[in-house]
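So for the sequence shown, my numbering puts the first residue at 10; every next one is plus one. Positions of the beta carbon are idealized from the N, C-alpha and C atoms, including for glycine. All of these numbers come straight from a predicted model, not from anything done at the bench. Heads up, the thing below is written out as structure tokens.
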Amino acid sequence: MADRASARPPADCRPRSHGGPDSSASKRKLSPKNHRIPPDPSGQDWSDREIDLIVADYFGMLALEVAGRPYVKAQRNAQLY
10 MADRASARPP ADCRPRSHGG PDSSASKRKL SPKNHRIPPD PSGQDWSDRE
60 IDLIVADYFG MLALEVAGRP YVKAQRNAQL Y
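Take a look at the structure:
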């Protein structure tokens, strides 16, 4: 019976890091300066109606994606304003 070390795939067949906790891309994404929430330009909280519209549009895009139908998020966002 082979030991566990010899049962491992060769290094070139192992998965490569794709933004894991030690990658520089991950560290760049997690820097404190990228976690600031920009202030609302109007200085006001979103209304319940605005939140309802945004959430409904999100689920609409999700339904399109699941159905394999194309959509342009930027166009949908522009229609909300």
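- Query: arginine 4 and methionine 70 look like a contact to me (Cβ under 8 Å); what is the Cβ gap, rounded to whole Å?
  - Reply: Missing from the structure shown is residue 4; the chain here goes from 10 to 90 and no further.
- Task: Take glycine 77 and list the residues in its own chain whose beta-carbon comes closer than 7 Å to its own, dropping the five residues that flank it on each side.
- Result: Nothing listed; no residue qualifies.
- If you drop the 5 nearest sequence neighbours on each side, which residues of the same chain put their C-beta closer than 7 Å to that of lysine 82? Excluding five sequence positions before and after lysine 82, the CB atoms of its chain that fall closer than 7 Å to its own CB belong to Met70, given in chain order.
- Query: What three-state label does DSSP hand valine 81 in the structure shown?
  - Reply: Valine 81 falls in the coil class under three-state DSSP.
- Where does aspartate 54 sit, in a helix, a strand or coil, going by DSSP? In this structure, aspartate 54 counts as coil in the three-state DSSP scheme.
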